[in-house]
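Engineer: According to my numbering, the stretch in the sequence shown is residues 94 to 652, in order. First the structure, then my questions, so here it is.
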Amino acid sequence: TMLWTAIAGAQVVILAEDFEGANPPAGWALSQNTPSVGWQFGANLGSEYLPIPGHTIYAASNDDAYDDGSSTLNLADRDRLITPVLDLTPYSATGVVLEFAYVQPGTYGSSGSVEVSTDGGTTWNEVEALTAAADWTNAQVDLSAFTASSTVRVAFRHNDGGNWGDGFAIDDVIISSVPGTDVSVDEITVAEYVAVGPIDISATITNQGSIVVTSVNVVYQVDSGPGIPATINGLNVGLGESVEVVHPTPYHFASAGESEVEFSVVGVNGGADADPSDNLATKTIGVLTLVPIKHVVLEVHTGSWCGWCPDGTVRMDEVEESVANVITVAVHNGDGMDIPDGNTISGTFIGGYPSGTVDRFRFDGQSGVEGSRNSWLTRVNVRAGHIVPVEVSIVGSTFNEFTRELEVEVGAEFVGSAAGDLRLNCWVVEDSVTGSGSDYDQANYLNSDSGHPFFGAGNPIIGFEHNRVLRAMLGGPWGTAGIIPATVAPGQTFSHIYTTTIPAGQNVAKMTVVGMVSAHNADVNRREIINAVEAPASPSIFADGFEIGDVSDWSSATQ
94 TMLWTAIAGA
104 QVVILAEDFE
114 GANPPAGWAL
124 SQNTPSVGWQ
134 FGANLGSEYL
144 PIPGHTIYAA
154 SNDDAYDDGS
164 STLNLADRDR
174 LITPVLDLTP
184 YSATGVVLEF
194 AYVQPGTYGS
204 SGSVEVSTDG
214 GTTWNEVEAL
224 TAAADWTNAQ
234 VDLSAFTASS
244 TVRVAFRHND
254 GGNWGDGFAI
264 DDVIISSVPG
274 TDVSVDEITV
284 AEYVAVGPID
294 ISATITNQGS
304 IVVTSVNVVY
314 QVDSGPGIPA
324 TINGLNVGLG
334 ESVEVVHPTP
344 YHFASAGESE
354 VEFSVVGVNG
364 GADADPSDNL
374 ATKTIGVLTL
384 VPIKHVVLEV
394 HTGSWCGWCP
404 DGTVRMDEVE
414 ESVANVITVA
424 VHNGDGMDIP
434 DGNTISGTFI
444 GGYPSGTVDR
454 FRFDGQSGVE
464 GSRNSWLTRV
474 NVRAGHIVPV
484 EVSIVGSTFN
494 EFTRELEVEV
504 GAEFVGSAAG
514 DLRLNCWVVE
524 DSVTGSGSDY
534 DQANYLNSDS
544 GHPFFGAGNP
554 IIGFEHNRVL
564 RAMLGGPWGT
574 AGIIPATVAP
584 GQTFSHIYTT
594 TIPAGQNVAK
604 MTVVGMVSAH
614 NADVNRREII
624 NAVEAPASPS
634 IFADGFEIGD
644 VSDWSSATQ
């Protein structure tokens, strides 16, 4: 199933149905087994094993609630929701596409598909088997192969596989014609910040037309400079598909500052584009002469109760060994080491354990920032290559052994312009944490896995040593607002002093502090950690000659 943003441009809507009126809609038909309930319409059609998120009024076949038995061998009797008869012959010179939203978890054997009949509904052929989707997902199906018929009907079919399954729900059905050749430029994919020197200029384009795109003529322009044209061949982009195209001529950014880049498509397959209104994208690029070292923050979400989490520990160690400038933090949940702020982060981002976030950054193609342990190393390496406009430092750190008060000053120096709600923060992290009982003894499902480092360690592992344990977020889960202004110019510096009392039983000699600058946004998936740094919580304990304010061994440096 192809995911889509929505076909734009010079389209003609043939059918549009959001199920907000009379149901079933006029001209639509239902087909199901007897005495199956089949398709229903409403705003709350989910059940215990078929949770359907809110989506106003929608259509759903709920096998969990009714055990509809929709897999009978009599194909005409399967649970189908069928459109009116459609004449697609006026669109034979262009193309036709079906777009809709759906939920189809597939957890208990149900499946959803799209079928097409060219004889008004007597016989059916499957044209798209939908991939499983527990949340509302947008899909797109090319119907251009049926434009020779004036008696087309489209069916949404639920099949429970002969079992007591879950179900299938749909909403916002649109069938429309699309032009033959039409490309949109979605975004310029050059990084937000680049270093002085030659940079590839690239953009993501989407085929909005029915004809496969094999080549595009493109032009880019930087500031008021001349347009630089090129023809990019060798493409194979179908309807609704997107691809990143890279201009063959890099641009040499000669000096620091901000530059405006424009990228446009001026031709498709050697001819004109049917809708040039969406063929241009622009982006402001920050060009830096001094490039701070990028420190990546890997938050590993774990718990002593989690039997697979020892493997998360192994993966975290692998990342630390493989990447020089990574800061790992273990955010515990549901055990003796969790903290309220850590639980806030887990509740916001995490759906399973062990799991993690890398700079709380949403990577391309991902709906959120969470990533499985198999993805951590790759994602950390990607982020390590990002250029950022700010260097973070631990300006000073002191610990009073009598009052157990820890004071940390975190500093930020901007080498490039920045804007938005940017925040400072300071985390406290402790190594070698042990304890007794289920709050500390580590469940271990790898105990019988002979190829795993924790094979034979026990289940649970008694006296397990927990490293990189998050003890405090001194700026809260989202950082301290109001220190950094909404608009920042190169050369500006900011700092904030954090104080906290270290509880008895926690070992300052095993602690580090992590300073960082992060972004805040109403969209939780746009709250990335921009840059960070790590230093001893009490420098005098850690190293001879390490004086307050001397952070050369820990903070990032320009290069």
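Ideal Cβ placement from N, Cα and C applies to all residues, glycine included.
1) At 3 residues or longer, and completely inside the region 464–493: list those beta strand (DSSP E) runs for me, N to C.
2) The beta strand (DSSP E) spanning Pro433 covers which residue range?
3) Secondary structure at Phe239, three-state DSSP: helix, strand or coil?
4) When you compare only the Cα positions, how much space is there between Ala625 and Gln459?
5) Does the region 282–292 come within contact of the region 332–349, defined as at least 3 CB pairs closer than 8 Å?
6) Excluding five sequence neighbours on each side, which residues of the same chain lie with their C-beta closer than 6 Å to the C-beta of Ala109?
7) What three-state label does DSSP hand Val130 in the structure shown?
8) Tell me the residue span of the alpha helix (DSSP H) that contains Thr195.
9) Assign Asp157 to buried or exposed, taking buried as 16 or more other Cβ atoms, counted over all protein chains shown, within 10 Å of its Cβ.
10) Rounded to whole angstroms, what is the Cα-Cα separation between His340 and Ala296?
11) Taking Cβ positions only, does Pro596 come closer than 9 Å to chain B?
12) Is Met430 helix, strand or coil by DSSP?
13) When DSSP builds the beta bridges, which residues end up paired with Asp565?
14) Could you tell me whether the region 187–200 touches the region 208–228, using the rule of 3 or more Cβ pairs below 8 Å?
15) Is Glu113 helix, strand or coil by DSSP?
16) How many angstroms separate the CA atom of Asp532 from the CA atom of Ile554?
17) Just the C-alpha distance for Val485 and Tyr538, rounded to the nearest angstrom, thanks.
18) Roughly how many angstroms separate the alpha carbons of Ile623 and Trp571, rounded to a whole number?
19) Could you please give me the residues that DSSP links to Gly449 through a beta bridge?
20) Please check the pair Leu563 and Trp520, which I expect to be a contact at CB under 8 Å, by giving their CB distance rounded to whole angstroms.
21) Which value, in whole angstroms, describes the spacing of the CA atoms of Val283 and Thr299?
22) Could you pull out every residue in the same chain whose Cβ sits closer than 6 Å to the Cβ of Leu143, ignoring the five residues on either side in sequence?
23) Roughly how many angstroms lie between the CA atoms of Val607 and Ser631, to the nearest whole one?
24) Provide the residue(s) that pair with Asp514 in DSSP beta bridges, ordered along the chain.
25) Just to check my reading of the structure: Asn372 and Val278 have Cβ atoms closer than 8 Å, yes? What is that Cβ distance to the nearest angstrom?
26) Could you give the uninterrupted runs of the beta strand (DSSP E) lying entirely in the region 365–424, keeping only those of 3 residues or more?
Structural biologist: Taking the coordinates as given:
1) 483–492
2) In the sequence shown, the residue the question calls residue 433 occupies position 340. Segment Pro433 to Phe442 is the alpha helix (DSSP H) holding Pro433; no beta strand (DSSP E) there.
3) Position 146 of the sequence shown, counted from the first residue, corresponds to residue 239. Helix at Phe239.
4) Stepping through the sequence shown from its first residue, residue 625 is reached at position 532. Stepping through the sequence shown from its first residue, residue 459 is reached at position 366. Each residue's alpha carbon lies about 23 Å from the other.
5) yes
6) Here residue 109 is taken as the residue at index 16 of the sequence shown, counted from 1. Closer than 6 Å at the Cβ level, and outside the excluded window around Ala109, lie Ile267.
7) Stepping through the sequence shown from its first residue, residue 130 is reached at position 37. Val130 falls in the coil class under three-state DSSP.
8) Against the sequence shown, residue 195 aligns to sequence position 102. Residue 195 is actually Tyr in this sequence, not Thr. First-last for Tyr195: Gly188 to Gln197, but that is the beta strand (DSSP E), not the alpha helix (DSSP H).
9) Stepping through the sequence shown from its first residue, residue 157 is reached at position 64. Per the 10 Å Cβ criterion, buried.
10) Counting from one through the sequence shown, the residue named residue 340 turns up at place 247. Counting from one through the sequence shown, the residue named residue 296 turns up at place 203. Whole-angstrom Cα-Cα distance: 9 Å.
11) The structure shown contains no chain B; it holds only a single protein chain.
12) The residue labelled residue 430 in the question sits at position 337 within the sequence shown. Three-state result, Met430: coil.
13) Numbered from its first residue, the sequence shown carries residue 565 at position 472. It should be pointed out that residue 565 corresponds to Ala in this sequence rather than to Asp. Ala565 is bridged to Val521.
14) yes
15) Sequence index remark: in the sequence shown, residue 113 carries index 20 (1-based). Coil, per DSSP.
16) Translated into positions along the sequence shown, residue 532 becomes position 439. Translated into positions along the sequence shown, residue 554 becomes position 461. Taking the straight line joining both Cα atoms gives about 12 Å.
17) Translated into positions along the sequence shown, residue 485 becomes position 392. Translated into positions along the sequence shown, residue 538 becomes position 445. Cα to Cα, Val485 sits roughly 39 Å from Tyr538.
18) Counting from one through the sequence shown, the residue named residue 623 turns up at place 530. Counting from one through the sequence shown, the residue named residue 571 turns up at place 478. Distance between the alpha carbons of Ile623 and Trp571: 13 Å.
19) Walking along the sequence shown from the start, residue 449 turns up at place 356. Answer by DSSP bridge pairing, in chain order: Val393 and Gly464.
20) In the sequence shown, counting from the first residue as 1, residue 563 sits at position 470. In the sequence shown, counting from the first residue as 1, residue 520 sits at position 427. Indeed they touch by this definition, with Cβ atoms about 6 Å apart.
21) Mapped onto the sequence shown, residue 283 falls at position 190. Mapped onto the sequence shown, residue 299 falls at position 206. Using only the alpha carbons, I get a separation of about 17 Å.
22) To locate residue 143, count along the sequence shown from 1; it is residue 50. Cβ within range, chain order: Asn155, Asp157, Asp259 and Gly260.
23) Counting from 1 along the sequence shown, the entry for residue 607 is found at position 514. Counting from 1 along the sequence shown, the entry for residue 631 is found at position 538. Their Cα atoms are separated by approximately 13 Å.
24) Taking the sequence shown and counting its residues from 1, the one referred to as residue 514 is at position 421. DSSP, once it has assigned bridges, lists His613 as partnering Asp514.
25) The count along the sequence shown starts at 1 and reaches residue 372 at position 279. The count along the sequence shown starts at 1 and reaches residue 278 at position 185. Going by Cβ atoms, the distance from Asn372 to Val278 rounds to 6 Å, so yes, they are a contact pair.
26) 373–381 and 389–395
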